[in-house]
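The block underneath contains the structure these notes are about, expressed in structure tokens.
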Amino acid sequence: MGSVTQYKKSVGSDGVQISSRQRIAPDPVDEEELLAVDDVELDDDIDSPEKNEEELTTTFSASDSESVDPVRLYLRDVETERLLTAEEEVIYSRRAQSGDESARQKMIVCNLRLVIKIARRYMNRGLDLLDLIEEGNIGLMRAVEKFDPERGFR
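As numbered in numbering that gives the first Met the number 0, residues 0 to 153 make up the sequence shown, in order.
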């Protein structure tokens, strides 16, 4: 039996990742343990060609459709909400400050396109677009909590 190579990653004092590898010997195998293992009962459904064909068809048809891009799906969902007018923002923010969770959610959902617009400006700086959007959404939730409609800002 050959040896197994194990890779380790560590960070040096300068912040650069250092990869090292070391060879480790495999654990010795006891032949009696291998022979003592009980026989596993075979599932009758495995040998059924109809079920296997049905599973393959389902899998193929799902992968045959357009590829599932999480960014595209998210953008499609966000596009459906219209932006709030200044008057609606004041109304919803007052309701949210008084404890109305649905008004708070409405303000968040209607401003998600703004988060995407800002996140796109920071692309190619080390984070994926979805990570930027996620962080922006967290910031949006905090902004809705702190929003003061009496100041007159949007």
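Cβ atoms here follow ideal geometry from the backbone N, Cα and C, with glycine treated the same way. This one's a predicted model, so the numbers in the text were calculated from it and none came from an experiment.
- The beta carbon of residue 105 lies closer than 6 Å to those of 91 in the same chain, with the five residues before and after it left out.
- Around the beta-carbon of residue 131, 16 or more other beta-carbon atoms lie within 10 Å, marking it buried.
- For the pair of segments examined, the segment 110-117 was found to touch the segment 73-84: the number of CB pairs separated by less than 8 Å reaches three.
- Between residue 87 and residue 148, the C-beta gap is not smaller than 8 Å, which leaves the two residues out of contact.
- Residue 70 sits close to residue 128, with the two beta carbons spaced by under 8 Å.
- Counting only runs of at least 4 residues, the segment 52-130 fully encloses the following alpha helix (DSSP H) elements, listed from N- to C-terminal order: 69-78, 85-96, 100-109, 111-120.
- Classified as buried, residue 103 has 16 or more neighbouring CB atoms from the shown chains inside 10 Å of its CB.
- The beta carbon of residue 93 sits closer than 7 Å to those of 148, all from its chain and outside the five residues before and after it, given in chain order.
- Selection 101, 99, 109 evaluated against residue 84 yields 109 as nearest (Cα-Cα).
- Non-local C-beta neighbours of residue 121 in its own chain, meaning closer than 7 Å and more than five positions away in sequence, comprise 131, ordered along the chain.
- Burial is judged here by how many other beta carbons sit within 10 angstroms of a residue's own beta carbon; residue 135 has at least 16 and is buried.
- Residue burial is scored here from C-beta neighbours: residue 82 has fewer than 16 other C-beta atoms within 10 angstroms and is therefore classed as exposed.
- Put simply, the backbone Cα of residue 145 is about 28 Å away from that of residue 124.
- The Cβ neighbour count for residue 107, taken over all protein chains shown within 10 Å, is at least 16; the residue is labelled buried.
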